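Q: Could you have a look at this structure, given as structure tokens, before my questions?
Protein chains: 2
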Amino acid sequence: MDIFPAMETVAQIFRSLEDETRLRIMALLLEQEELCVCDVMAVLQMPQSTVSRQLSLLKKAGWLKDRRVGVWIHYSVSRTLSPMHQYLLPVLRNFLAVTDAARLDRERLAERRKSCCP
Amino acid sequence: MDIFPAMETVAQIFRSLEDETRLRIMALLLEQEELCVCDVMAVLQMPQSTVSRQLSLLKKAGWLKDRRVGVWIHYSVSRTLSPMHQYLLPVLRNFLAVTDAARLDRERLAERRKSCCP
DNA sequence: TGACTATATCCAAAATTATGGATATATTCC
DNA sequence: GGAATATATCCATAATTTTGGATATAGTCA
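Chains as they are written, first to last, in this note's numbering: chain A, 977 to 1094; chain B, 977 to 1094.
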């Protein structure tokens, strides 16, 4: 695998960010070190298959990694991002967190943290 | 229109870069100040309707502007890019030009310049 | 005015992607 | 081992996007 991705690879990385659900997940994981699938389900208020699929797409796209913790799978932003992913990260940091959607999701996550799971 | 785009707007900007044809056009216009539709057709070797549509999508997405010069429409990178577009520009500059597809397109453009239009 | 060229838009078909319920897999706890 | 829970994957359907030929529009030149 080359340092410089092919044009098609560049397109795929952008494509991984075209979906609002995936962007909401990225916004969450840029603030919260780790989240399990059920956390994300609760915050996004979407069915399990949808959330699980989008998480695995983001992993496949090189953004996330996962690790099993007992019965849960914890997702977090990969620590071995490609150069292009690293270039894009500040864009996400600057423009996702300030959206209304991200703010509402943060509130729902805080609410959930109060009532469950230490 | 706010300085900070909504999540859906962020998604749309990424979506505008998900297509390989559009990325090839952006790569060309980051090196070449202005191109008319027929230049792009010749370089990409794609039908007129396809090229014209993608150019107008890139314009609609905030990347390009156009101006009429006689019977031609010249497209170029907008000089009033939004903050998010400006953040993304270096990503395009760094990762598009080095692809094989972009190199071949540059060669075809140079070839065309030799044989036609001063 | 009329022929010609460049470009935009329309349209129906093809291709791609997203959706969520159903099912399969894996882990824990009793 | 069996029940219960979390997650991944399958599948058929729905929604979205792309495609390119056909047509419309607009400018040029004689």
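Cβ coordinates follow ideal geometry from the N, Cα and C atoms, glycine included. This one's a predicted model, so the numbers in the text were calculated from it and none came from an experiment.
Would Gln1024 of chain A be called buried (16 or more neighbouring beta carbons within 10 Å of its own) or exposed?
A: Exposed, since its Cβ has fewer than 16 Cβ neighbours within 10 Å.
Q: What's the C-alpha gap between Arg1088 of chain A and Glu1007 of chain A?
A: So the two alpha carbons sit approximately 15 Å from each other.
Q: Around the C-beta of Arg1000 of chain A, are 16 or more other C-beta atoms found within 10 angstroms, so that it is buried, or is it exposed?
A: Classification for Arg1000 of chain A: buried.
Q: For chain B, check one thing: does any of its Cβ atoms lie closer than 8 Å to the Cβ of Leu1064 of chain A?
A: Taking Cβ atoms only, chain B reaches closer than 8 Å to Leu1064 of chain A, which makes this a yes.
Q: For Arg1055 of chain A, report the span of its alpha helix (DSSP H) as first-last.
A: Looking at the DSSP string, Arg1055 of chain A is not in any alpha helix (DSSP H), and its letter there is neither H nor E.
Q: So, does the CB of Met1022 of chain A fall closer than 8 Å to a CB anywhere in chain B?
A: Judged by the 8 Å Cβ criterion, Met1022 of chain A is not in contact with chain B.
Q: Determine which residues share a DSSP beta bridge with Trp1048 of chain B and list them.
A: Bridge partners of Trp1048 of chain B: B:Val1045.
Q: Taking the CB atoms as reference points, tell me whether Val1013 of chain A and Leu1020 of chain A lie closer together than 8 Å.
A: Contact flag unset, no.
Q: Run through chain A and tell me which residues come within less than 7 Å of Glu984 of chain B, C-beta to C-beta.
A: Result: Glu996.
Q: Please tell me whether Leu1072 of chain B and Ala1018 of chain B are closer than 8 Å, where the distance is taken between their beta carbons.
A: No, Cβ-Cβ distance for Leu1072 of chain B and Ala1018 of chain B is not below 8 Å.
Q: Would Val1019 of chain B pass as an interface residue toward chain A - the criterion being a Cβ-Cβ separation below 8 Å?
A: It does not; no Cβ of chain A falls within 8 Å.
Q: Which two residues bound the contiguous alpha helix (DSSP H) that contains Met1002 of chain A?
A: Run containing Met1002 of chain A: 996-1005, per the alpha helix (DSSP H) assignment.
Q: Starting from Met983 of chain A and walking both ways along the alpha helix (DSSP H), at which residues does that stretch end?
A: Where Met983 of chain A is concerned, the enclosing alpha helix (DSSP H) stretches over 983-991.
Q: Quick one, which of A:Thr1075, A:Glu1083, A:Gln1062 has its alpha-carbon nearest Asn1070 of chain B's?
A: Of the candidates A:Thr1075, A:Glu1083, A:Gln1062, the one whose C-alpha sits nearest the C-alpha of Asn1070 of chain B is A:Gln1062.
Q: Given this structure, state the Cα-to-Cα distance separating Phe990 of chain A from Met1022 of chain A, to the nearest angstrom.
A: Distance between the alpha carbons of Phe990 of chain A and Met1022 of chain A: 23 Å.
Q: Does any CB atom of chain A fall closer than 8 Å to the CB of Thr1056 of chain B?
A: Not an interface residue.
Q: Report yes if the CB atom of Leu1064 of chain A is closer than 8 Å to the CB atom of Val1067 of chain B, and no otherwise.
A: Going by C-beta atoms, Leu1064 of chain A is nearer than 8 Å to Val1067 of chain B.
Q: Leaving out five residues on either side along the sequence, give the residues of the same chain with a beta carbon under 8 Å from the beta carbon of Thr1075 of chain B.
A: Taken in chain order, the residues that qualify are Ala1003.
Q: Assuming the contact rule is C-beta atoms closer than 8 Å, Ser992 of chain A and Leu1033 of chain A should be a hit. Round their C-beta distance to whole Å, please.
A: Right, the Cβ-Cβ distance comes to about 7 Å (below 8 Å), so this counts as a contact.
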